[in-house]
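Chains as they are written, first to last, in our numbering: chain A, 2 to 353; chain B, 2 to 353.
Beta carbons: idealized from backbone N, C-alpha and C, even for Gly.
In this text the structure is predicted, and so the values were computed from the model without any measurement.
Just below is one structure, and these are the notes that go with it.
There are 2 protein chains.
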Amino acid sequence: MTTGDDAGPIIQLGASERLGARPALTARELADLIGVSQSTVSRAFSKGTSVSPKTRAFVLEQAEKLGYRPNVIASFLSRRASSIVGVVTADFTSPVYIDMLDRLSVRMQELDIHPLLFNLQAGAEAGDQLAVLRQYNIETVIVISGRISHMSVARWAADGRKVILMNRDIPDAAIGSVRCDNSASSLVADHLWEIGLRRVAFVGGPESSAVSAEREQAFVRRVAELGMILCGREGGREYSHQSGFDGTRAVMASRPEAILYATDRLAIGGLDALSWSGGLSVPGDVSIVGFDNIDMACWPGIQLTTVHHDVPRIVDGAIELLQQIQNGREGPRKHLVKGGLVVRATTGPAKA
Amino acid sequence: MTTGDDAGPIIQLGASERLGARPALTARELADLIGVSQSTVSRAFSKGTSVSPKTRAFVLEQAEKLGYRPNVIASFLSRRASSIVGVVTADFTSPVYIDMLDRLSVRMQELDIHPLLFNLQAGAEAGDQLAVLRQYNIETVIVISGRISHMSVARWAADGRKVILMNRDIPDAAIGSVRCDNSASSLVADHLWEIGLRRVAFVGGPESSAVSAEREQAFVRRVAELGMILCGREGGREYSHQSGFDGTRAVMASRPEAILYATDRLAIGGLDALSWSGGLSVPGDVSIVGFDNIDMACWPGIQLTTVHHDVPRIVDGAIELLQQIQNGREGPRKHLVKGGLVVRATTGPAKA
DNA sequence: TTGTAAGCGTTATCAC
DNA sequence: GTGATAACGCTTACAA
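Okay, here's the thing in structure tokens:
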């Protein structure tokens with residue numbers, strides 16, 4: 002019953018609910034109530050401590066009944082560490098990053114790890130964030146953004162924070178990362194070849210974008226191997242619809258039969274330039290291909306051929322890394338998640 | 002230099018950076034170092050305490066120099082309250098809610114208030130969250146979602162948490178809220194009347210959605226006042242593109258000259274059904290109007306006529322409320338932010 | 001105005 | 001395996 006904006010009228014609260022404002026039970030109080038020492042209560046709640054299974058079960062049961070839950074703030078202070086994880090974002094306009102944040106935050110909650118959100122504006126200083134990380138005793142930081150500088154990441158790591166990078170990597174650094182295999186764009190070249198297209202172009206994101214560069218590189222290499230012609234190439238200032246639109250208009254001067262875009266958003270900008278606003282037929286006049294397989298890609302009126310970016314698996318990888326770090330096992334690891342080509346309706350043989 | 006995914010190579014860290022792993026300075030250490038008492042340091046950092054301006058300035062200056070920052074965890078424990086604010090979300094697929102989260106989190110950071118993200122899945126229990134709010138000593142919760150039940154909100158409030166609702170309200174409850182004026186949909190009726198359209202229809206969100214209901218109501222009332230004909234009405238299970246697509250197909254049976262949708266996303270689904278996939282002309286065959294004025298609404302190939310939803314001002318309102326609450330001033334307040342009609346290219350006279 | 005000292009609710013180090 | 005007791009780094013009476 003939690004769908005829609007309005008899940009019913011205000012419901013009268015029972016007596017126990019009303020008492021909520023009373024301060025929460027402390028370990029000491031629970032201990033006194035059930036006749037054990039306060040440290041026993043503490044031990045019952047932390048794993049890897051020496052309590053008899055019987056006592057632990059008893060304490061946990063009573064705690065449940067009386068509504069006791071350890072105060073994490075006190076625990077953080079005492080342990081000089083917190084289970085809060087910093088989640089750093091900067092690209093709320095990117096559907097892929099939003100999807101990652103969505104799934105990641107849900108998964109974290111299931112594990113009782115809570116994300117403190119650091120939404121960095123362009124130009125925010127890494128140092129400022131570092132101070133906050135320290136203030137909160139935050140040990141682990143997950144970066145879901147391509148816009149945070151390597152420098153910032155390096156500083157956090159140098160300060161002893163564990164960093165997990167999503168969708169990017171710092172090659173020779175001992176920093177965990179989980180990302181999709183951008184070289185899958187080579188599959189696009191194969192596909193275009195198979196349907197008989199020879200003149201191809203690439204429309205990318207910002208020049209400084211590693212993601213765009215990797216996707217371009219793998220595509221261009223395979224294009225060359227197959228003996229196809231790379232007739233055009235455009236980059237943008239950003240990963241926006243307008244960028245894809247403008248890039249497409251520009252690259253059409255080279256008369257390509259197909260265009261690969263660094264992301265679906267750019268590709269949809271291209272579809273707009275060509276078809277919605279341009280009066281051309283896709284794929285009749287030109288084929289287009291995206292990368293990421295965002296929700297929009299399968300809208301009835303879009304049906305974009307694209308490379309699948311497996312966000313759920315990337316999130317799984319990040320969660321796995323997170324747990325390894327929190328359990329103190331192993332060092333940083335690099336995950337690379339494969340994606341595959343999804344052929345829809347924006348690619349096909351050229352019109353006769 | 003923080004645009005693009007890759008902001009340069011790893012930079013060698015200076016000596017002071019490398020030492021970062023050394024534990025942060027405490028108030029006691031700073032106090033000893035600069036020759037004041039620890040409580041003086043504490044006072045210098047909290048406003049409304051009795052310290053001479055001179056001492057405060059001195060302490061703050063030295064703290065800055067030596068890199069001291071109060072540990073907020075200890076502060077939370079001592080104050081039995083935390084400046085962490087819970088931000089509750091559930092609709093990561095809604096551009097408007099994402100935009101709110103984006104802007105809100107940035108504004109909060111500027112104020113040194115940090116958002117702990119609670120991303121609730123459909124069906125998540127309010128009680129579970131409440132336990133976590135207590136564990137973190139969280140006093141204030143901002144709800145950016147229509148899908149969290151009134152019941153949950155009421156329970157948090159009954160437990161003594163301050164709640165700020167964004168984009169919704171619980172009418173007779175003493176709970177703060179900031180939302181857009183959904184009755185602005187009446188402006189749509191006026192606009193359609195002026196361009197000579199008489200048969201209109203409405204495509205809404207889930208039946209349980211208060212937002213959809215309010216937008217529909219104001220529209221329908223004005224339509225009646227103007228003597229226009231409401232010839233059709235469809236609701237969906239959700240606020241998705243597909244819902245808008247399907248709802249449009251259904252409502253076209255009543256041959257409307259114009260359709261108002263509860264949101265832009267639904268309207269774009271409608272545009273897809275009519276134009277991209279349907280071969281009809283918009284606005285030649287039928288005019289369509291959305292609500293929210295999301296980014297997509299102004300894409301070259303969309304140019305959707307819509308009602309502006311002023312997210313920045315709504316966020317301003319929420320921040321204002323937040324500060325009032327944190328300063329202990331005043332009780333809950335209700336803000337209503339006006340929007341206006343944005344006429345673009347999807348409305349116009351019917352084809353001759 | 002400033003310093004001293006007693007919490008805040010945990011964890012961790014001791015003995016037993 | 002369990003119970004006292006000392007941190008953890010702050011805030012806040014209470015004294016000076």
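(request) Measure from the alpha carbon of Arg80 of chain B to the alpha carbon of each residue in B:Ala123, B:Arg169, B:Glu111 and B:Ser43, then state which is nearest. (result) Numbered from 1 along the second sequence, position 79 holds the residue referred to as residue 80 of chain B. The shortest C-alpha separation from Arg80 of chain B is found at B:Ser43.
(request) Would you tell me roughly how many angstroms separate the C-alpha atoms of Ala32 of chain A and Thr41 of chain A, rounded to the nearest one? (result) Within the first sequence, numbered from 1, the residue matching residue 32 of chain A stands at position 31. Within the first sequence, numbered from 1, the residue matching residue 41 of chain A stands at position 40. Rounded to whole angstroms, Ala32 of chain A to Thr41 of chain A spans 8 Å at the Cα level.
(request) Could you name the residues of chain A that Ile99 of chain B contacts, counting a contact when the two beta carbons are closer than 9 Å? (result) Indexing the second sequence from 1 puts residue 99 of chain B at position 98. Here the neighbours are Phe93, Thr94 and Ile99.
(request) Taking the CB atoms as reference points, tell me whether His242 of chain A and Ile269 of chain A lie closer together than 8 Å. (result) Within the first sequence, the letter at position 241 stands for residue 242 of chain A. Within the first sequence, the letter at position 268 stands for residue 269 of chain A. Yes, the pair counts as a contact, with Cβ atoms nearer than the cut-off.
(message) For Lys163 of chain B, count the other beta carbons within 10 Å of its own beta carbon; 16 or more makes it buried, fewer makes it exposed. Which is it?
(response) Translated into the one-based positions of the second sequence, residue 163 of chain B becomes position 162. Label assigned to Lys163 of chain B: buried.
(request) Given a cut-off of 8 Å, decide if Arg70 of chain A and Ala132 of chain B are closer than it, judged by their beta-carbon atoms. (result) Position 131 of the second sequence, counted from the start, is the residue given in the question as residue 132 of chain B. Position 69 of the first sequence, counted from the start, is the residue given in the question as residue 70 of chain A. Yes. Within cutoff.
(request) Quick one: using the 10 Å Cβ neighbour count with 16 as the cut-off for buried, is Arg256 of chain B buried or exposed? (result) Along the second sequence, one-based indexing puts residue 256 of chain B at 255. So Arg256 of chain B counts as exposed.
(request) Output, in chain order, the set of chain B residues within a Cβ distance shorter than 7 Å of Gly236 of chain A. (result) The count along the first sequence starts at 1 and reaches residue 236 of chain A at position 235. Within chain B, no residue comes near Gly236 of chain A; the closest Cβ sits about 10 Å away, beyond 7 Å.
(request) Leaving out five residues on either side along the sequence, give the residues of the same chain with a beta carbon under 7 Å from the beta carbon of Asp182 of chain B. (result) The residue given as residue 182 of chain B occupies position 181 in the second sequence. Taken in chain order, the residues that qualify are Leu337, Val338, Lys339 and Gly340.
(request) State the Cα-Cα distance for the pair Ser47 of chain A and Val86 of chain A, rounded to the nearest angstrom. (result) The count along the first sequence starts at 1 and reaches residue 47 of chain A at position 46. The count along the first sequence starts at 1 and reaches residue 86 of chain A at position 85. Whole-angstrom Cα-Cα distance: 19 Å.
(message) Taking the beta carbon of Ala58 of chain A as the centre, do at least 16 other beta carbons fall within 10 Å, making it buried, or is it exposed?
(response) Here residue 58 of chain A is taken as the residue at index 57 of the first sequence, counted from 1. Burial call: exposed.
(request) Identify whether Gly234 of chain B lies in helix, strand or coil by the three-state DSSP scheme. (result) Walking along the second sequence from the start, residue 234 of chain B turns up at place 233. The sequence given here has Arg at residue 234 of chain B, not Gly. Three-state result, Arg234 of chain B: strand.
(request) Return helix, strand or coil for His242 of chain A, following the three-state DSSP convention. (result) The sequence position of residue 242 of chain A within the first sequence is 241, counting from 1. Helix.
(request) Kindly indicate which three-state DSSP category Val204 of chain B falls into: helix, strand or coil? (result) Numbered from 1 along the second sequence, position 203 holds the residue referred to as residue 204 of chain B. Strand.
(message) If contacts are defined as beta-carbon pairs under 8 Å, then Phe204 of chain B and Gly161 of chain B qualify, I think. What distance do you get, rounded to the angstrom?
(response) As a position in the second sequence, residue 204 of chain B is number 203, starting the count at 1. As a position in the second sequence, residue 161 of chain B is number 160, starting the count at 1. Per the sequence shown, the amino acid found at residue 204 of chain B is Val instead of Phe. With a Cβ gap of about 41 Å, Val204 of chain B and Gly161 of chain B do not count as contacting.
(request) Could you name the residues that DSSP lists as bridge partners for Gly177 of chain B? (result) On the second sequence, position 176 is the one that residue 177 of chain B refers to. Answer is B:Ile165.
(request) Closer than 6 Å by C-beta to Arg223 of chain A: which residues in its own chain qualify, once you throw out the five before and the five after it? Chain order, please. (result) As a working mapping, residue 223 of chain A is identified with position 222 in the first sequence. Taken in chain order, the residues that qualify are Ser187 and Ala190.
(request) Measure the alpha-carbon distance for Gly279 of chain A versus Asp170 of chain A and round it to whole angstroms. (result) By one-based count along the first sequence, residue 279 of chain A stands at place 278. By one-based count along the first sequence, residue 170 of chain A stands at place 169. So the two alpha carbons sit approximately 38 Å from each other.
(message) For the stretch 129–146 of chain A against the stretch 314–326 of chain A, do three or more pairs of beta-carbon atoms, one drawn from each stretch, fall closer than 8 Å, so that the two count as touching?
(response) yes
(request) Mind listing the chain A neighbours of Phe292 of chain B? Cutoff is C-beta to C-beta under 9 Å, in chain order. (result) Reading the second sequence from its first residue, position 291 is the one you call residue 292 of chain B. Correct list: empty, because the minimum Cβ distance to chain A is about 14 Å.
(request) Kindly list the residues whose CB is nearer than 6 Å to the CB of Ile114 of chain A, restricted to its own chain and excluding five residues on each side of it in sequence; keep chain order. (result) Here residue 114 of chain A refers to the residue found at position 113 of the first sequence. So the qualifying residues of the chain are Ser84 and Val86.
(request) Can you give me, in chain order, the residues of the stretch 265–299 of chain A that have a beta carbon less than 9 Å from any beta carbon in chain B? (result) Ile269, Gly270, Leu272, Asp273, Ala274, Ser276, Trp277, Ser278, Gly279, Asp296 and Met297
(request) Could you tell me which residues DSSP pairs with Leu117 of chain A in its beta bridges? (result) On the first sequence, residue 117 of chain A is found 116 positions in, with the first residue counted as 1. A:Gly87 and B:Leu117.
(message) Tell me the rounded alpha-carbon separation between Pro284 of chain B and Val344 of chain B.
(response) Start at 1 with the first residue of the second sequence, and residue 284 of chain B comes out as number 283. Start at 1 with the first residue of the second sequence, and residue 344 of chain B comes out as number 343. Going from the Cα of Pro284 of chain B to the Cα of Val344 of chain B covers about 12 Å.
(message) For a cutoff of 8 Å on Cβ pairs, would you count Ile11 of chain A as touching chain B?
(response) Taking the first residue of the first sequence as 1, we reach residue 11 of chain A at position 10. A caution first: Ile11 of chain A carries a pLDDT of 37, below 50, which makes its placement in the model unreliable, though a value can still be read off. Chain B contact via Cβ: present.
(message) Please report whether the beta-carbon of Phe59 of chain B lies at a distance below 8 Å from any beta-carbon of chain A.
(response) Along the second sequence, read from residue 1 onward, the residue named residue 59 of chain B stands at position 58. No, no contact with chain A.
(message) Is Phe203 of chain B close to chain A? Criterion is C-beta to C-beta, closer than 8 Å.
(response) Looking up residue 203 of chain B in the second sequence gives position 202. It does not: the Cβ of Phe203 of chain B has no partner Cβ on chain A nearer than 8 Å.
(message) Counting C-beta neighbours from all protein chains within 10 Å, is the total for Thr50 of chain B 16 or more, i.e. buried, or is it exposed?
(response) Numbered from 1 along the second sequence, position 49 holds the residue referred to as residue 50 of chain B. By the 10 Å Cβ count, Thr50 of chain B comes out exposed.
(message) Can you tell me where the beta strand (DSSP E) holding Leu261 of chain B begins and where it ends?
(response) Counted from its first residue, the second sequence places residue 261 of chain B at position 260. First-last of the beta strand (DSSP E) with Leu261 of chain B: Ala259 to Tyr262.
(message) For a contact defined as C-beta to C-beta under 9 Å, what are the partners of Pro313 of chain A on chain B?
(response) Taking the first sequence and counting its residues from 1, the one referred to as residue 313 of chain A is at position 312. Per Cβ cutoff of 9 Å: no residues; Pro313 of chain A is ~14 Å from chain B at best.
(request) Less than 8 Å between the CB atoms is what I'm expecting for Val179 of chain B and Leu322 of chain B, so what's the real figure, rounded? (result) Locating residue 179 of chain B in the second sequence gives position 178, counting from the first residue. Locating residue 322 of chain B in the second sequence gives position 321, counting from the first residue. The pair is a contact, with the Cβ atoms about 7 Å apart (cut-off 8 Å).
(message) At the 8 Å Cβ level, is Pro333 of chain B part of the contact set with chain A, yes or no?
(response) Counting from 1 along the second sequence, the entry for residue 333 of chain B is found at position 332. Answer no: the Cβ-Cβ gap between Pro333 of chain B and chain A never drops below 8 Å.
(message) Could you check whether the Cβ of Tyr262 of chain B sits closer than 8 Å to any Cβ belonging to chain A?
(response) Looking up residue 262 of chain B in the second sequence gives position 261. Judged by the 8 Å Cβ criterion, Tyr262 of chain B is not in contact with chain A.
(request) Can you give me the Cβ contacts of Arg250 of chain A inside the same chain, cut-off strictly under 7 Å, excluding the 5 residues immediately before and after it? (result) Within the first sequence, numbered from 1, the residue matching residue 250 of chain A stands at position 249. Ala274, listed in sequence order.
(request) Check the Cβ-Cβ distances between Leu188 of chain B and every residue of chain A, and say whether any is below 8 Å. (result) Mapped onto the second sequence, residue 188 of chain B falls at position 187. Output row for Leu188 of chain B: interface = no.
(message) Measuring alpha carbon to alpha carbon, tell me which residue in B:Pro116, B:Asp129, B:Gln39 and B:Ala75 is nearest Glu65 of chain A.
(response) For the purposes of this step, residue 65 of chain A is taken as the residue at position 64 of the first sequence. Measuring from the Cα of Glu65 of chain A, the nearest candidate turns out to be B:Asp129.
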